[in-house]
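Numbered by UniProt numbering, the letters in the sequence shown go through residues 1 to 101 in order. Don't be surprised by glycine CBs; every beta carbon is placed ideally from N, CA and C. Note that this is a predicted model, so its numbers are computed, not measured. A short write-up of the structure that comes next.
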Amino acid sequence: MTALSKEQQTEFEAAAFRRLVAHLRERSDVQNIDLMNLADFCRNCLSNWYREAAEAEGVPVTRDESREMVYGMSYEDWKNLHQNEASPVQKAAFELNNPHK
(Lines of atoms letter the chains of each structure in order from A; the text may use other names.)
(Lines give C-alpha, C1' and ligand atoms only; values in the text may rest on other atoms or scores of the structure.)
Protein backbone atom coordinates (compact mmCIF):
# COMPACT_ATOMS: atom_id res chain seq x y z
CA MET A 1 0.00 0.00 0.00
CA THR A 2 1.19 3.48 -0.81
CA ALA A 3 2.32 5.42 2.23
CA LEU A 4 -0.18 8.15 3.00
CA SER A 5 0.40 11.28 4.95
CA LYS A 6 -1.78 11.74 8.02
CA GLU A 7 -3.61 14.52 6.15
CA GLN A 8 -4.31 12.26 3.17
CA GLN A 9 -5.54 9.47 5.40
CA THR A 10 -7.87 11.88 7.21
CA GLU A 11 -9.10 13.30 3.90
CA PHE A 12 -9.86 9.83 2.52
CA GLU A 13 -11.57 8.73 5.73
CA ALA A 14 -13.71 11.87 5.67
CA ALA A 15 -14.65 11.22 2.04
CA ALA A 16 -15.62 7.64 2.87
CA PHE A 17 -17.70 8.88 5.81
CA ARG A 18 -19.51 11.43 3.62
CA ARG A 19 -20.21 8.72 1.06
CA LEU A 20 -21.58 6.38 3.74
CA VAL A 21 -23.87 9.13 5.08
CA ALA A 22 -25.06 9.96 1.55
CA HIS A 23 -25.71 6.28 0.88
CA LEU A 24 -27.73 5.89 4.08
CA ARG A 25 -29.76 8.99 3.20
CA GLU A 26 -30.50 7.54 -0.25
CA ARG A 27 -31.48 4.17 1.23
CA SER A 28 -34.22 5.36 3.56
CA ASP A 29 -35.97 2.07 2.79
CA VAL A 30 -33.37 0.31 4.93
CA GLN A 31 -34.63 0.55 8.48
CA ASN A 32 -32.33 1.12 11.45
CA ILE A 33 -33.43 -2.17 13.01
CA ASP A 34 -32.29 -3.96 9.83
CA LEU A 35 -28.89 -2.29 10.09
CA MET A 36 -28.64 -3.24 13.77
CA ASN A 37 -29.63 -6.82 13.07
CA LEU A 38 -27.14 -7.20 10.22
CA ALA A 39 -24.23 -4.99 11.20
CA ASP A 40 -24.69 -4.05 14.87
CA PHE A 41 -24.83 -0.33 14.08
CA CYS A 42 -27.37 2.07 12.65
CA ARG A 43 -27.79 5.72 11.74
CA ASN A 44 -28.22 6.63 15.41
CA CYS A 45 -24.95 4.89 16.27
CA LEU A 46 -23.21 6.81 13.50
CA SER A 47 -24.61 10.10 14.80
CA ASN A 48 -23.47 9.20 18.32
CA TRP A 49 -19.94 8.45 17.08
CA TYR A 50 -19.89 11.80 15.26
CA ARG A 51 -21.01 13.64 18.41
CA GLU A 52 -18.47 11.80 20.56
CA ALA A 53 -15.65 12.67 18.14
CA ALA A 54 -16.66 16.33 18.17
CA GLU A 55 -16.88 16.41 21.94
CA ALA A 56 -13.47 14.71 22.24
CA GLU A 57 -12.09 17.74 20.42
CA GLY A 58 -13.94 20.13 22.71
CA VAL A 59 -16.71 20.94 20.23
CA PRO A 60 -20.14 20.57 21.82
CA VAL A 61 -22.68 18.94 19.50
CA THR A 62 -26.15 18.05 20.65
CA ARG A 63 -27.77 14.71 19.98
CA ASP A 64 -30.31 16.41 17.70
CA GLU A 65 -27.55 18.21 15.76
CA SER A 66 -25.57 15.03 15.18
CA ARG A 67 -28.67 13.13 14.11
CA GLU A 68 -29.62 15.87 11.67
CA MET A 69 -26.11 15.66 10.21
CA VAL A 70 -26.61 11.93 9.53
CA TYR A 71 -30.28 11.94 8.56
CA GLY A 72 -30.20 15.17 6.53
CA MET A 73 -33.24 16.38 8.48
CA SER A 74 -34.51 16.23 12.01
CA TYR A 75 -34.80 12.73 13.42
CA GLU A 76 -38.51 13.27 14.05
CA ASP A 77 -39.06 14.27 10.42
CA TRP A 78 -37.11 11.22 9.20
CA LYS A 79 -39.11 8.89 11.44
CA ASN A 80 -42.39 10.37 10.21
CA LEU A 81 -41.33 10.06 6.56
CA HIS A 82 -39.44 6.77 6.53
CA GLN A 83 -39.62 4.67 9.66
CA ASN A 84 -41.95 1.70 9.69
CA GLU A 85 -43.11 -0.30 12.67
CA ALA A 86 -40.68 -3.15 13.21
CA SER A 87 -42.07 -6.56 12.38
CA PRO A 88 -42.19 -9.34 14.96
CA VAL A 89 -39.34 -11.05 13.08
CA GLN A 90 -37.20 -7.90 13.16
CA LYS A 91 -37.91 -7.41 16.87
CA ALA A 92 -37.08 -11.03 17.68
CA ALA A 93 -33.79 -10.84 15.76
CA PHE A 94 -32.92 -7.62 17.56
CA GLU A 95 -33.60 -9.17 20.96
CA LEU A 96 -31.54 -12.23 20.06
CA ASN A 97 -28.55 -10.32 18.67
CA ASN A 98 -28.57 -7.14 20.73
CA PRO A 99 -25.21 -7.02 22.52
CA HIS A 100 -26.18 -3.80 24.35
CA LYS A 101 -28.52 -5.52 26.81
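The DSSP-derived three-state label of N80 is helix.
Measuring C-alpha to C-alpha distances from L20 to each of K91, Q83, Y50, E76 identifies Y50 as the nearest. Nearest to H82 by C-alpha distance, out of K91, G72, V89, is G72.
Between M69 and S87, the alpha-carbon positions lie close to 27 Å from each other. At a Cβ-Cβ threshold of 8 Å, N44 and A93 do not count as neighbours. For A53, the three-state secondary structure derived from DSSP is helix. In terms of Cβ geometry, S66 and N48 form a close pair [threshold 8 Å].
Looking at D77, A56, E57, the one whose alpha-carbon comes closest to that of D64 is D77.
Only exposed fits Q8, as fewer than 16 other CB atoms lie within 10 angstroms of its CB. Comparing alpha-carbon positions, the option among P60, D34, V61 lying closest to N97 turns out to be D34.
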